[in-house]
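Taking it in order: structure first as structure tokens, then the write-up.
Protein chains: 2
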Amino acid sequence: MSEVLTKAINAKNASVRLSSLSTAVKDSALEAMAEALEDRMELILAENRKDIDAAIAAGRPKAFVDRLTLNEKRVQAMATGLRQIRALPDPIGEVISGWVRPNGLEIVQRRVPMGVVGIIYESRPNVTADGIGLCIKTSNCVVLRGGSEALNSNRAIAGIMAEAAYGAGVPEGAIQLISNTDRGSVIELMQLSGIIDVLIPRGGAGLIKTVVENSKVPVIETGEGNCHVYVDGECDPDMAVNIVVNAKTQRPGVCNAAEKLLIDKKAASQLLPVIAEQLRNRGVELRGCPEAEKLIDGLIPASEEDWGTEYLDMVMAIKVVDGVEEAISHIQKYGTRHSEAIVTSNYNKGQKFIQEVDAAAVYVNASTRFTDGFEYGFGAEIGISTQKLHARGPMGLKELTTIKYVILGNGQIRE
Amino acid sequence: MSEVLTKAINAKNASVRLSSLSTAVKDSALEAMAEALEDRMELILAENRKDIDAAIAAGRPKAFVDRLTLNEKRVQAMATGLRQIRALPDPIGEVISGWVRPNGLEIVQRRVPMGVVGIIYESRPNVTADGIGLCIKTSNCVVLRGGSEALNSNRAIAGIMAEAAYGAGVPEGAIQLISNTDRGSVIELMQLSGIIDVLIPRGGAGLIKTVVENSKVPVIETGEGNCHVYVDGECDPDMAVNIVVNAKTQRPGVCNAAEKLLIDKKAASQLLPVIAEQLRNRGVELRGCPEAEKLIDGLIPASEEDWGTEYLDMVMAIKVVDGVEEAISHIQKYGTRHSEAIVTSNYNKGQKFIQEVDAAAVYVNASTRFTDGFEYGFGAEIGISTQKLHARGPMGLKELTTIKYVILGNGQIRE
Chain A
277 MSEVLTKAIN AKNASVRLSS LSTAVKDSAL EAMAEALEDR MELILAENRK
327 DIDAAIAAGR PKAFVDRLTL NEKRVQAMAT GLRQIRALPD PIGEVISGWV
377 RPNGLEIVQR RVPMGVVGII YESRPNVTAD GIGLCIKTSN CVVLRGGSEA
427 LNSNRAIAGI MAEAAYGAGV PEGAIQLISN TDRGSVIELM QLSGIIDVLI
477 PRGGAGLIKT VVENSKVPVI ETGEGNCHVY VDGECDPDMA VNIVVNAKTQ
527 RPGVCNAAEK LLIDKKAASQ LLPVIAEQLR NRGVELRGCP EAEKLIDGLI
577 PASEEDWGTE YLDMVMAIKV VDGVEEAISH IQKYGTRHSE AIVTSNYNKG
627 QKFIQEVDAA AVYVNASTRF TDGFEYGFGA EIGISTQKLH ARGPMGLKEL
677 TTIKYVILGN GQIRE
Chain B
277 MSEVLTKAIN AKNASVRLSS LSTAVKDSAL EAMAEALEDR MELILAENRK
327 DIDAAIAAGR PKAFVDRLTL NEKRVQAMAT GLRQIRALPD PIGEVISGWV
377 RPNGLEIVQR RVPMGVVGII YESRPNVTAD GIGLCIKTSN CVVLRGGSEA
427 LNSNRAIAGI MAEAAYGAGV PEGAIQLISN TDRGSVIELM QLSGIIDVLI
477 PRGGAGLIKT VVENSKVPVI ETGEGNCHVY VDGECDPDMA VNIVVNAKTQ
527 RPGVCNAAEK LLIDKKAASQ LLPVIAEQLR NRGVELRGCP EAEKLIDGLI
577 PASEEDWGTE YLDMVMAIKV VDGVEEAISH IQKYGTRHSE AIVTSNYNKG
627 QKFIQEVDAA AVYVNASTRF TDGFEYGFGA EIGISTQKLH ARGPMGLKEL
677 TTIKYVILGN GQIRE
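Keeping their order, the protein sequence lines are chains A and B. Residue 277 is where the first sequence starts when you use this note's numbering, and the numbers rise one by one after that. Residue 277 is where the second sequence starts when you use this note's numbering, and the numbers rise one by one after that.
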């Protein structure tokens with residue numbers, strides 16, 4: 277049997293016992309895992325050093341090496357993250373609803389674990405600690421398949437955490453890390469329906485697309501964000517400038533950063549030069565439509581491809597539109613259904629935008645950067661779903677659970 | 277452009293307008309559709325006659341012709357079904373939860389339509405009416421792809437209903453029926469991610485498996501039920517007999533019918549002969565393990581294949597087990613995570629069964645036949661989900677919806 281299949285079956289076999297573990301045991305395991313990461317800091321950093329050296333030797337770009345790099349502060353942050361997860365309420369066992377039928381059947385909808393969660397990710401070793409913590413809290417076994425470049429780091433982290441968790445009462449086998457980092461191991465994971473209950477790809481658009489399109493196991497798609505800010509002709513100009521600048525520049529490399537500015541032609545001549553200057557002062561490269569070119573010196577013409585691109589970089593494309601209707605049509609055509617914002621002081625336009633824009637999160641007079649499990653108050657985040665099934669928008673602990681109907685009778689049969 | 281793509285895009289284009297249609301307009305459209313089916317009964321039956329004649333000429337089995345056949349009573353039942361859907365509360369727009377963040381952001385989780393729902397089904401023309409009604413009620417556009425054998429019937433039903441719905445204010449294009457019944461049209465539908473938001477296959481296990489394994493569009497799997505009744509050594513014997521007989525024989529061709537009887541060895545010698553006689557009196561063919569063979573004359577030995585088979589017929593396989601633990605292990609190995617029942621008077625065994633059996637519906641002292649949207653009180657049923665993502669167990673109107681976060685601010689930016 278292959279490594280992937282063996283480990284997935286081991287996880288499956290542990291899942292029944294994990295599903296009935298008490299909150300107290302799970303929480304003590306989370307604390308034990310946090311302490312173990314702190315206690316074994318040196319080993320983790322030494323193993324991580326091997327990955328860093330290999331990445332540098334392979335000529336990987338600086339941003340890549342940075343994502344891969346651990347230091348004391350980052351390992352400490354992983355431990356702190358586990359303690360934050362520990363402090364959250366346990367979602368398992370919650371009675372979501374319940375009722376009695378006329379025939380006396382008592383029906384209860386109860387929150388239960390998924391069973392076995394597969395996480396496929398790339399070079400960031402903190403996903404290993406994060407994924408284990410979130411799964412143990414939700415009584416899910418976890419099969420981790422990280423990138424080859426972080427294998428030494430991931431092995432150290434997962435090994436230390438599994439040992440601590442098992443010592444605290446988590447059933448052996450609940451935490452599995454796949455050492456085979458060939459593409460074949462991802463393909464194999466995608467076939468394991470009936471063993472793995474859900475797959476969560478975390479990483480670049482290419483990885484996510486591959487998994488979504490090819491997996492036989494249900495997938496939660498996390499995602500791509502080609503997010504827009506639409507500045508309406510009726511708006512507070514300072515608010516508009518602040519929101520556009522924040523949405524674009526506060527952290528440009530993440531999915532909820534704005535990539536496009538749509539501006540009402542009624543506001544463009546007054547506002548666009550101000551916004552452009554502010555963005556350029558922060559180092560943003562501006563591209564745009566012919567109308568925008570008339571108002572901004574040296575604007576790079578935007579191509580058709582620009583409108584559909586998630587830059588994840590200090591680049592923004594600007595389009596002058598004829599009011600909220602055209603803004604909505606443009607977003608429907610090019611948006612990725614992630615986060616979309618309108619800046620307006622007009623009630624009806626705000627309502628229209630909320631109603632008609634099809635996205636996980638629709639903002640009126642706020643930055644798109646708030647689409648985030650922590651900013652929404654969930655206390656943890658698995659990712660941001662851009663699909664409509666199961667979960668949409670920031671996913672907290674509940675999104676790692678499913679339900680079970682429990683029906684209590686006293687001999688009822690169907691007539 | 278192909279028929280499938282053209283019609284899917286037409287549906288997508290209608291989806292924004294449909295999403296903001298009022299409950300009153302949707303409900304009047306449901307009534308108009310019900311009336312139209314009644315008024316045009318003759319045309320529907322004449323078109324259905326063509327399908328029936330072709331099926332008979334092709335030598336199709338009686339059960340197949342029966343599923344295909346419409347008569348006045350069945351068309352009337354379709355109209356009644358639409359009026360029942362009309363009478364249900366509109367789930368769209370419901371605020372599921374909402375809160376204010378410390379920075380003043382108001383976050384609301386609002387229930388919204390999926391957008392475009394694709395339904396792939398086989399020979400039962402009533403799925404056409406049902407699917408259209410459920411989708412219109414939930415503000416979803418619908419793309420129907422029924423089986424070739426029912427094409428004339430489906431065209432008549434969908435055509436009449438679309439005309440009535442559009443006349444009542446539903447945006448044109450919201451209801452689409454694919455005439456191309458080649459396998460290629462199913463394959464094409466499965467590629468349309470970004471246009472079709474969810475695919476629901478309804479029909480035999482082969483169809484469902486094909487769609488689940490190959491679709492790039494998210495799928496809700498409805499399903500196969502290899503359901504068990506476990507009769508514990510501590511139980512009310514009459515209750516045990518009644519539940520087993522009901523679960524097996526009340527309607528053997530459906531997914532929530534029991535296919536397997538597991539019986540505690542402590543109860544087998546006393547109860548098994550009684551149960552076997554009752555089942556045989558109703559025409560059930562019995563198969564079983566060697567232990568069961570000792571207690572039932574003429575029992576057909578059950579093969580390994582039997583334990584995993586959903587018969588959908590008057591056949592039941594019986595296994596004598598050593599208590600609740602072995603029953604649970606057997607169910608975990610062979611069950612399809614649909615509906616599982618225990619008959620027991622022992623509190624701890626009931627709790628253990630509820631906790632450890634991984635299924636959409638777990639019953640204590642009641643028949644598995646209750647797993648059904650109507651029996652659960654949902655008033656409508658899209659199908660019974662055997663997956664864990666999005667929906668599990670009987671699906672009502674809510675399962676055809678997703679959520680959208682609406683965030684109202686007054687200039688908030690992220691620090």
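Ideal Cβ positions, reconstructed from N, Cα and C, are used throughout, including at glycine.
Residue i beta carbon near the ligand COA (any heavy atom closer than 6 angstroms)
i	result
HIS504(B)	Questions concerning the ligand COA fall outside what the structure shown contains, since it holds no ligand whatsoever.
Close Cβ partners of residue i (< 6 angstroms) along its chain, the five nearest in sequence each way excluded
i	result
ILE576(A)	ARG563
GLN526(B)	ARG645
LEU588(A)	GLY529
Start and end residues, alpha helix (DSSP H) containing residue i
i	result
PRO389(A)	No alpha helix (DSSP H) holds PRO389(A); the beta strand (DSSP E) holding it covers 382-389.
ARG325(B)	317-333
LEU547(A)	541-557
HIS606(A)	599-610
VAL462(A)	459-467
Within-7 angstroms CB hit, residue i to chain B
i	result
THR678(A)	yes
GLU535(A)	no
GLY422(A)	no
ILE683(A)	yes
GLU675(A)	no
MET317(A)	no
HIS666(A)	yes
GLU489(A)	yes
MET515(A)	yes
GLN663(A)	yes
Buried/exposed call for residue i, threshold 16 Cβ in 10 Å
i	result
THR620(A)	buried
PRO378(B)	exposed
THR662(A)	buried
LYS326(B)	exposed
ARG613(B)	buried
MET354(B)	buried
GLU580(B)	exposed
VAL488(B)	buried
Close beta carbons around residue i, own chain, < 8 angstroms, minus the five adjacent residues each side
i	result
ILE463(A)	ASN490
VAL493(B)	GLY394, LEU465, MET466, GLN467, LEU468, SER469, ILE472, ASP473, VAL474 and LEU475
GLU314(B)	VAL351, GLN352 and ALA355
CB contact below 7 angstroms: residue i versus chain A
i	result
MET592(B)	no
ILE689(B)	yes
GLY669(B)	yes
GLN631(B)	yes
ASN274(B)	Nothing can be reported for residue 274(B): it is not among the residues displayed for chain B, which extend from 277 to 691.
GLN352(B)	no
VAL292(B)	yes
SER296(B)	yes
ASN428(B)	no
ASN557(B)	no
Proximal residues to residue i (C-beta, below 7 angstroms), its chain only, five neighbours per side dropped
i	result
TYR442(A)	GLU448
THR457(A)	GLY423, SER424 and LEU427
ARG316(A)	ILE436
ILE451(A)	ILE408, VAL418, ALA434, MET437, ALA438 and ALA441
THR414(A)	PRO367, ILE368, PRO389, LEU673, LEU676 and THR677
VAL633(B)	ILE604, ILE607 and GLU616
Start and end residues, beta strand (DSSP E) containing residue i
i	result
ARG563(B)	561-564
PRO513(A)	Element bounds for PRO513(A): not the beta strand (DSSP E) but the alpha helix (DSSP H), 513-525.
GLU711(B)	Residue coverage of chain B in this structure runs from 277 to 691, which leaves residue 711(B) outside it and unanswerable.
ALA432(A)	Segment 427-443 is the alpha helix (DSSP H) holding ALA432(A); no beta strand (DSSP E) there.
CYS417(A)	417-421
Could you list the residues in the segment 635-659 of chain A with a C-beta less than 8 angstroms from some C-beta on chain B, going in chain order?
So the list reads ALA635, ALA636, ALA637, VAL638, TYR639, VAL640, ASN641, ALA642, SER643, ARG645, PHE646, THR647, GLU651, TYR652 and GLY653, given in the order they occur along the chain.
Interface residues of the segment 380-397 of chain B facing chain A [CB-CB below 7 angstroms]
Listed by position, the residues of the segment 380-397 of chain B near chain A (Cβ gap below 7 angstroms) are LEU381, ILE383, MET390 and GLY391.
Using a Cβ-Cβ cut-off of less than 7 angstroms, list which residues of the segment 455-474 of chain B approach chain A; keep chain order.
Correct list: ASP473 and VAL474.
Short of 8 angstroms Cβ to Cβ, which residues in the segment 365-380 of chain A face chain B?
So the list reads TRP375 and ARG377, given in the order they occur along the chain.
Could you please tell me which residues of the segment 493-512 of chain A, in chain order, have their CB closer than 9 angstroms to any CB of chain B?
Answer set for the segment 493-512 of chain A: PRO494, VAL495, ILE496, GLU497 and ASP512.
Listed from N- to C-terminal order along the chain, which residues in the segment 614-629 of chain B have their beta-carbon within a distance smaller than 7 angstroms of any beta-carbon of chain A?
Cβ contacts with chain A: none found.
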